[in-house]
Amino acid sequence: MPATGPKLHPLPLGGLGPGAMTGGVPADVAAQPLRHSTLLLSTGIRMHVVQLAPPAGVPVKGTVLCVHGFPDTWYGFRHQLRPIASRGWHVVVPDQRGYGETDVPRKVSQYQMPELCADMCALMDALGVDRFVLLGHDWGGTLVWNMALQHQERVAAVAAVCTPFFPNNPDKNPWPGMKANPGRFDYQVWFLYAEAEMELAEDPEYTIKCNIRGTGKEDGRRFMEHADAEMMRLPPTVKGGTLRGMPPKDKVPRSEILSEADLKYYAAQFSNSGFFGPVSWYRNVERNWEWMRSTAGRKVEQPALMVSAGRDPVLKASMVKSLKMHDWIPRLVHRHVEEAGHWVLQEKPEEANGI
Numbered sequence: 001m002p003a004t005g006p007k008l009h010p011l012p013l014g015g016l017g018p019g020a021m022t023g024g025v026p027a028d029v030a031a032q033p034l035r036h037s038t039l040l041l042s043t044g045i046r047m048h049v050v051q052l053a054p055p056a057g058v059p060v061k062g063t064v065l066c067v068h069g070f071p072d073t074w075y076g077f078r079h080q081l082r083p084i085a086s087r088g089w090h091v092v093v094p095d096q097r098g099y100g101e102t103d104v105p106r107k108v109s110q111y112q113m114p115e116l117c118a119d120m121c122a123l124m125d126a127l128g129v130d131r132f133v134l135l136g137h138d139w140g141g142t143l144v145w146n147m148a149l150q151h152q153e154r155v156a157a158v159a160a161v162c163t164p165f166f167p168n169n170p171d172k173n174p175w176p177g178m179k180a181n182p183g184r185f186d187y188q189v190w191f192l193y194a195e196a197e198m199e200l201a202e203d204p205e206y207t208i209k210c211n212i213r214g215t216g217k218e219d220g221r222r223f224m225e226h227a228d229a230e231m232m233r234l235p236p237t238v239k240g241g242t243l244r245g246m247p248p249k250d251k252v253p254r255s256e257i258l259s260e261a262d263l264k265y266y267a268a269q270f271s272n273s274g275f276f277g278p279v280s281w282y283r284n285v286e287r288n289w290e291w292m293r294s295t296a297g298r299k300v301e302q303p304a305l306m307v308s309a310g311r312d313p314v315l316k317a318s319m320v321k322s323l324k325m326h327d328w329i330p331r332l333v334h335r336h337v338e339e340a341g342h343w344v345l346q347e348k349p350e351e352a353n354g355i
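One point on numbering: in the UniProt record's numbering, the residue at position 79 of the sequence shown is 79, and numbering is uninterrupted.
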């Protein structure tokens, strides 16, 4: 059964209507015929949603729901909206729970994976879409893989950028081992502490400058010129923060992959939402594991795409093989962008969009 488009068309479908929430969106992005709305979902969350319909005269194939990760918003897919829509897809990109202009619940337990997946199903219900294609990046990748398993009847196909599929071991709680030996995932342990969100929220523009970066030689050279390389190599739980060792605020350069307008928009979004919600996605490892046990051993049967990036320092391309993704996902297609890092959708948009 193919993915379905909205029962009501054209957009928007409820909410505030065109232009109601576009304040501050950089002009080049706002020039696209985007529809911004706020929808009250059946989960109780008021969600900011951005939509783009296919051009006039282009038959609608279905709906693609894009799911961002950390630290991001709908804006991280800005380079993908028009290319996807031009191929006949109705594109839906929300600010996830805790981010941007979407509600920020104040309990950590409200950021469990079943709650986050329920938001996506409720959003599609609100738009009248039965089946849809999922595209996720970073935490969004984790969410879309789980959607493919837990809500098989809704997901027509699935794609993840950078985030591999992690098979769940129902007999082994991953959290004790992760706390004892986190390795390059130490930052996730640091995110358990209130100090983590305080550090990130102190200056959102600085946080974005340090986190959303390309991997070009000049980008790296400019960044490291005033950084403390030795301090940066220390785990966050040892040095007391993820930003310690980064260049000082008056010396940190904006990455080449962001315009000044992009940076200001991101900073405004995180000034609005704060970082309690974003880091709370990391605070439910054990709860998520318990929930995922119900699908342990189940394969992802839908058509699937995995896009890896050669310069991602955490979600390495080699994990596709080491995690045996082709065994767990029989219909998997793997594509690779070598000269890009974790923010491949923004660093190499033309190459990523061509996949």
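Note that beta-carbon positions come from the ideal geometry of N, C-alpha and C, so glycine has one too.
Nothing here was measured: the structure is a model prediction, and the numbers come from that model.
Would you mind working out which of T43, H48, A27 and C66 sits nearest R35, comparing C-alpha positions? For R35, the nearest C-alpha among the options comes from H48.
With a CB to CB cut of under 6 Å and the five nearest residues on each side skipped, what residues in its chain are close to A148? The answer, listed in chain order, is V155, V158, V300 and Q302.
Where do the ends of the alpha helix (DSSP H) carrying L345 lie? Start and end: V344 to E347.
Kindly indicate which three-state DSSP category A227 falls into: helix, strand or coil? The three-state secondary structure of A227, taken from DSSP, is coil.
CA nearest to the CA of S271, picked from I208, W291 and G214: Answer by Cα proximity: I208.
Candidates Y187, A85 and D171, of which the one nearest P55 by Cα: Closest option to P55, Cα to Cα, is A85.
Using the three-state DSSP reduction, which class does M246 fall into: helix, strand or coil? Secondary structure of M246 (DSSP, three-state): coil.
Which residue marks the beginning of the beta strand (DSSP E) containing P94, and which one marks its end? Per DSSP, P94 belongs to the beta strand (DSSP E) from W89 to P94.
What does DSSP give as the partner residue(s) for Q51 in the beta ladder? Within the DSSP bridge table, the entry for Q51 names R35 and V92 as partners.
Please report the Cβ distance between V104 and F276, rounded to the nearest whole angstrom; I am assuming they are in contact, meaning their Cβ atoms lie under 8 Å. That belief holds up - the Cβ atoms of V104 and F276 are roughly 6 Å apart, short of 8 Å.
Is H9 helix, strand or coil when you go by DSSP? Any answer about H9 is weak, because its pLDDT of 32 lies below 50 and its placement is not dependable; what the coordinates show is given next. Reduced to three states, the DSSP call for H9 is coil.
Coarse secondary structure for T295, derived from DSSP in three states: When DSSP states are grouped into helix, strand and coil, T295 belongs to the helix group.
Quick one: grab the DSSP three-state call for R131. It is coil, neither helix nor strand.
Grouping DSSP H, G and I as helix and E and B as strand, with all else coil, what is C66? Three-state DSSP puts C66 in a strand.
Per-residue DSSP class, three states only, for M326: First, the residue type needs correcting, since residue 326 is His and not Met in the sequence shown. In the three-state reduction of the DSSP assignment, H326 falls in the helix class, which pools H, G and I.
A304 - containing beta strand (DSSP E), residue span: For A304, the enclosing beta strand (DSSP E) covers residues A304 to A309.
Under 8 Å by Cβ, that's how I've got V64 and V161 pegged, so tell me the actual separation to the nearest angstrom. At roughly 13 Å, the Cβ-Cβ gap does not stay under 8 Å, so V64 and V161 are not in contact.
For E218, which of A194, I257, A196 and E338 has the nearest alpha-carbon? When only C-alpha atoms are compared, the closest one is I257.
Residue span of the alpha helix (DSSP H) that contains A340, given as start and end: No alpha helix (DSSP H) contains A340, which DSSP labels as neither H nor E.
Identity of the residue in A229, S109 and L127 nearest P94 by Cα: Residue L127 is the option with its Cα nearest to P94.
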